[in-house]
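S.K.: Pasting in a structure now, in structure tokens, and then I'll have a few things to ask.
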Amino acid sequence: MTHETTALDSDADIAVVDVGGTRLRRAVWSPARGLREPADGPSPSMRTHPGLPAGQLRRLMVEALCAAVAPGTDRAGVSFGAALDHHSGTVYASAPLWGADTEPFDLLGALRAARPEVAWHLVNDVTAALLHAASAPHRRSLRKLLLVTVSTGIACRALDLRTGTVPVDECGLQGEIGHLPAAVPGTPLLPAEPRPVCDCGRPGHVAAYSSGPGIRRLARLMRARDEKRWAASALGRSGTEAAFEEALRAALDAGDAVAGELLAAATEPLADVLRTALCLDPEFDEIVLTGGVVYGLGDHVRHALLTHLTHAGLYLTADRSPDWAGRRITAARPGEADPLIGAGIAALTGRPGSGAYGTGAAPAQGHHPGDDGPAAGLRATSRTAGPLPAGVPR
-4 MTHETTALDS DADIAVVDVG GTRLRRAVWS PARGLREPAD GPSPSMRTHP GLPAGQLRRL
56 MVEALCAAVA PGTDRAGVSF GAALDHHSGT VYASAPLWGA DTEPFDLLGA LRAARPEVAW
116 HLVNDVTAAL LHAASAPHRR SLRKLLLVTV STGIACRALD LRTGTVPVDE CGLQGEIGHL
176 PAAVPGTPLL PAEPRPVCDC GRPGHVAAYS SGPGIRRLAR LMRARDEKRW AASALGRSGT
236 EAAFEEALRA ALDAGDAVAG ELLAAATEPL ADVLRTALCL DPEFDEIVLT GGVVYGLGDH
296 VRHALLTHLT HAGLYLTADR SPDWAGRRIT AARPGEADPL IGAGIAALTG RPGSGAYGTG
356 AAPAQGHHPG DDGPAAGLRA TSRTAGPLPA GVPR
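And the structure:
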């Protein structure tokens, strides 16, 4: 029995934390007993603490993460909503949490210094969601799986299930699609200029249109462009913006034209990214949509994306195989791609963010995380974030 299978068969509890741009969730998890003792609250961010500099926000984050791990706990898995180096555990940036600040932050080092008795495992939240989604039995036969999260921010992560690898570049990154430039043609209701500004401070990024905050920005632009039509729409009649997501869902359910145009404009940049991904890598057998926007708007996000891809699909493929996009793009239901469970899998199995840089102590000299067996861990390289362990429950 490998080291990893032993870990997965144990009843040892793991403290798991999922940090998003809006909420911080925590729980206790084990393979045998699942998630227990869930709790959540606001993430310490520029939205919850307006005016605080990024350095102070980072200190608050370390305090919040340490407080989420109960005394006596010896292992913790953290799913973190930020662009981070999966070789070192360094956080590069998080526009929803810290705005335009891009000073690298050694979050893993700060956690180990604050709670040295805890073996910390740190992964990007999209990677964590992907680990959980990939463990589903019906995905065993897939070649490659792409998970896209649409929430406060936007990102994706790809996994080759044949080799179990999550490829990353020399900076330890993959799939930061939210900060790609979006090419959006203007419409009479929603002109191309001025381009909405992303949380990172730059205009015209994919996340400036397709994320939760991006959709709100587009709604304000649409309302300012034609206040009379907006006021006459179901979305406009809903009143307060505080319940915008619920109002948008209700308007979409009712077939409101303005709500439909808003979602079409918001999803077009994301559809462009998915079209390009499927063109460049036809081995993506499934693209899973997840995140707060997907859950909140139900199947409307998937439908809007498929409408774009039907209108302008892959050259020849779209004509010869009309259902090519519909067969590949799915929407996860709540709980099917949970970063909390993914963080637990990472902590148990040596997924990205563990091993030499993701635990409370470095491995012994000359020993690498994968030396205990073919599925016991991984060795961080500039090409891969490591194999999906054979012991991960599917």
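Residue numbers (my numbering): -4 to 389.
Every residue, glycine too, gets a C-beta built ideally from N, C-alpha and C.
Because the structure is a prediction, the values reported are computed rather than measured.
Out of 133, 323 and 89, which has the shortest C-alpha to C-alpha gap to residue 147?
M.R.: Selected option, being the one with the closest Cα: 89.
S.K.: Check whether the region 274 to 285 and the region 213 to 222 touch, using three or more Cβ-Cβ pairs below 8 Å as the test.
M.R.: no
S.K.: Touch check for the region 3 to 21 and the region 72 to 88: three-plus C-beta pairs under 8 Å?
M.R.: yes
S.K.: With the cut-off set at 8 Å, would you say residue 341 and residue 72 are in Cβ contact?
M.R.: yes
S.K.: Taking the beta strand (DSSP E) that residue 30 belongs to, which residues open and close that run?
M.R.: 29 to 37
S.K.: Could you tell me the alpha carbon to alpha carbon distance between residue 21 and residue 142, rounded to whole angstroms?
M.R.: 22 Å
S.K.: Spatial neighbours of residue 290 within its chain, please: C-beta separation below 7 Å, excluding the five flanking residues on both sides.
M.R.: So the qualifying residues of the chain are 329.
S.K.: Contact between the region 92 to 108 and the region 121 to 138: three or more CB pairs below 8 Å?
M.R.: Output reads no: the region 121 to 138 does not touch the region 92 to 108.
S.K.: If I measure Cβ to Cβ from residue 361 and keep anything under 8 Å in the same chain, skipping five residues before and after, which residues do I get?
M.R.: Legend: pLDDT at residue 361 = 32, less than 50; position of this residue unreliable, no value from coordinates given.
S.K.: Would residue 219 and residue 209 be called neighbours here (beta carbons separated by less than 8 Å)?
M.R.: no
S.K.: Using 10 angstroms around the beta-carbon of residue 294, count the other beta-carbons present and answer buried if the total reaches 16, otherwise exposed.
M.R.: exposed
S.K.: Based on DSSP bridge pairs, tell me the residues matched to residue 401.
M.R.: Not covered by the structure: residue 401. The range shown for the chain is -4 to 389.
S.K.: Could you compute how far the alpha carbon of residue 320 sits from the alpha carbon of residue 305?
M.R.: 8 Å
S.K.: If you draw a straight line from the C-alpha of residue 44 to the C-alpha of residue 52, how long is it?
M.R.: 8 Å
S.K.: By the DSSP assignment, the alpha helix (DSSP H) with residue 49 in it spans what residues?
M.R.: 49 to 62
S.K.: Who pairs with residue 324 in a beta bridge, going by DSSP?
M.R.: 282
S.K.: Considering only C-alpha positions, which residue in the set 8, 54, 149 and 301 is nearest to residue 195?
M.R.: 149
S.K.: So is residue 226 buried or exposed if we call it buried at 16+ other beta carbons inside 10 Å?
M.R.: Flag for residue 226 reads exposed.
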